[in-house]
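The UniProt record's numbering puts the first residue of the sequence shown at 1, with every later residue one more than the last. The beta carbon of each residue, even a glycine, is placed where N, CA and C say it ideally should be. What follows is a short report on a single structure.
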Amino acid sequence: MKLLSEIATQLEPPYTTLAAWQSRGSLDCGTRVGKRLYYTESDIERIRNSAVYQIWIDRKNRKLSV
């Protein structure tokens with residue numbers, strides 16, 4: 001299990017974007033241990049398949065194609 005800062009290197013959005021999604025409750029995954037949330041490989045896949053992640057990727061791709 002890894003912290004959000006550790007999985008940020010595996011995902012395209014920067015850590016600050018992922019942290020904002022986490023604080024708003026947009027990332028509906030992770031396991032809370034004490035005050036911290038930890039993520040597994042299956043959680044990373046859930047993030048990649050989430051609507052908020054797909055919207056971010058679409059917007060990024062549109063900016064790159066212009």
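Taking only three categories from DSSP, how would you classify K2?
Walking along the sequence shown from the start, residue 2 turns up at place 2. Residue state, collapsed to three classes: strand.
Going by the CB atoms, is the gap between Y53 and K2 shorter than 7 Å?
In the sequence shown, residue 2 corresponds to position 2, counting from 1. In the sequence shown, residue 53 corresponds to position 53, counting from 1. No. Outside cutoff.
Under three-state DSSP, which class holds T31?
Position 31 of the sequence shown, counted from the start, is the residue given in the question as residue 31. Residue state, collapsed to three classes: strand.
Once DSSP output is grouped into helix, strand and coil, what is the label at L37?
Numbered from 1 along the sequence shown, position 37 holds the residue referred to as residue 37. DSSP places L37 within a strand segment (E or B) once states are collapsed to three.
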